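The structure appears right after this line, and notes come after that.
In structure tokens:
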């Protein structure tokens, strides 16, 4: 008789337990209703699988291009590249192989291994006196030479014996040296190739002009070329009247927002000047005009005029 009573107690709930069950059932009901109504109010983003396929195709194409490029470079280095592939890889322009900067060899399409071979040859005193001398470099195949040959122009004064002399009786006479025709050249927008071809400059001088131009931000006066290391006075006099300067191409420093590192990188601004500029703009909450910069720098008028060509002021950001 006691056992049924004990079992009955298991199914009897107190008031608090009844409330808990009621709340639980209510929560379950709310969850079910929300679950049923949610799809009608929230739209799931639909993905266009075509976009993924297009991205995958681009990735595969890029990988294939890289793979082809590596294979082509291996073929170049081994001298097994055929004419059609070499025609695709090489992008020749008129050049003098003597002391041609590495970046121009790369731009032409040669590999770094081929360039190292050429530079090792030059380091040992080797010179390219004729077009055929480049053909003798074992790193360059006959196919590649046939593509480059029409663009080779020896400007260093080295000529072959057949070109240099001809016989009249028992005497040899030197052929007169033909002076190249110089062209008007805008120096703030010209690349190394144009400087070499139009101003008849040595490749290494053209490379230094480009490097110095990048440091400056551009030239505001043709006389600044005299500051290029290695450019001789007589060379400058020969090209002076052919030089054009477009000052609109100068890249200026945003003096109120440029970092200390950016300011000090300029050739005309030393550490002390850069420090004065940064401290001055903080103190003034940004420069309003170049006269304020001049007052902070405390330099001569001539020096400041050089610097001023590369400074730009715009409304200052909050400090």
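Numbering (the numbering used here), first residue to last: 13 to 331.
Each residue gets a CB set at the ideal place from its N, CA and C atoms; glycine is no exception.
Since this is a predicted model, take the numbers as computed values, not measurements.
inquiry  = Can you confirm whether the segment 252 to 264 touches the segment 283 to 298 when touching is taken to mean that 3 or more C-beta pairs between the two stretches lie within less than 8 Å?
reply    = With a cut-off of 8 Å, the segment 252 to 264 and the segment 283 to 298 do not count as touching, because too few Cβ pairs lie within range.
message = Which same chain residues end up closer than 8 Å to residue 227 when comparing Cβ atoms and leaving out the 5 residues on each side of it in sequence?
response = For residue 227, same chain residues with a beta-carbon under 8 Å away, outside a window of 5 residues either side, are 277, 278, 279 in chain order.
query = In whole angstroms, what is the alpha-carbon distance linking residue 180 and residue 162?
reply = Here residue 180 scores only 43 on pLDDT, less than 50, and its place in the model should not be relied on; the value that follows carries that caveat. So the two alpha carbons sit approximately 31 Å from each other.
key: Cutoff 8 Å; reference residue 302; Cβ partners in own chain excluding five residues on either side   = 320, 323, 325
query = Is the segment 207 to 220 close to the segment 97 to 114, with three or more CB pairs under 8 Å?
reply = In this structure the segment 207 to 220 touches the segment 97 to 114; the number of beta carbon pairs closer than 8 Å is three or more.
key: Separation of residue 119 from residue 81, as counted between CA atoms   = 15 Å
request  = List in chain order: all unbroken alpha helix (DSSP H) runs of 4+ residues lying wholly within the segment 245 to 275.
outcome  = List check, alpha helix (DSSP H) in window: 245 to 251.
message = Can you give me the C-alpha to C-alpha distance between residue 91 and residue 242, rounded to a whole angstrom?
response = 37 Å
ask   = Does the distance from the CB of residue 254 to the CB of residue 194 come in under 8 Å?
value = yes
request  = With residue 229 as the anchor, note down where its alpha helix (DSSP H) starts and where it stops.
outcome  = DSSP places residue 229 outside any alpha helix (DSSP H), giving it a letter other than H or E.
query = Between the C-alpha atoms of residue 315 and residue 239, what's the straight-line distance to the nearest angstrom?
reply = 15 Å
ask   = Hey, how far is the Cα of residue 160 from the Cα of residue 104?
value = 6 Å
query = DSSP beta-bridge partners for residue 197?
reply = Residue pairing by DSSP puts residue 197 in a beta bridge opposite 255.
query = Do residue 166 and residue 108 have their CB atoms nearer than 8 Å?
reply = yes
query = What are the start and end residues of each continuous alpha helix (DSSP H) run of 4 or more residues lying completely inside the segment 143 to 168, in chain order?
reply = 143 to 147, 154 to 160
message = Relative to the C-alpha of residue 141, which candidate in 274, 155, 29, 164 has its C-alpha closest?
response = 164
inquiry  = Buried or exposed, going by whether 16 or more other CB atoms sit within 10 Å of the CB of residue 32?
reply    = So residue 32 counts as exposed.
task = Identify whether residue 133 lies in helix, strand or coil by the three-state DSSP scheme.
result = Residue 133 falls in the helix class under three-state DSSP.
query = Exposed or buried, which one is residue 184 when buried takes at least 16 other CB atoms within 10 Å?
reply = Confidence is the limiting factor: at residue 184 the pLDDT is only 45, short of 50, which leaves the residue's position unreliable and the question unanswerable from this model.
request  = Report the rounded CA-to-CA distance for residue 125 versus residue 71, giving the unit in angstroms.
outcome  = 28 Å
key: residue 271 to residue 300 span [Cα, whole Å]   = 18 Å
ask   = What do you reckon, is the C-beta of residue 287 under 7 Å from a heavy atom of the ligand NAP?
value = Although the ligand NAP was asked about, the structure shown includes no ligands whatsoever.
message = Could you give the first and the last residue of the continuous alpha helix (DSSP H) run that contains residue 239?
response = According to the DSSP assignment, residue 239 belongs to no alpha helix (DSSP H), since it is labelled neither H nor E.
ask   = Using DSSP with H/G/I as helix, E/B as strand and the rest coil, what is residue 297?
value = coil
task = Evaluate residue 230 with the Cβ neighbour count: other Cβ atoms within 10 Å of its Cβ, from every protein chain shown; 16 or more gives buried, anything less gives exposed.
result = buried
ask   = Do residue 85 and residue 129 come within 8 Å of each other at the CB atom, strictly closer than that value?
value = no
query = Residues bridged to residue 39 by DSSP?
reply = Paired residues: none, contrary to the question.
ask   = What residue does the alpha helix (DSSP H) around residue 99 start on, and which one ends it?
value = In this chain, the alpha helix (DSSP H) harbouring residue 99 covers 95 to 101.
query = Is the beta carbon of residue 88 less than 8 Å from the beta carbon of residue 101?
reply = For residue 88 and residue 101, yes; Cβs fall inside 8 Å.
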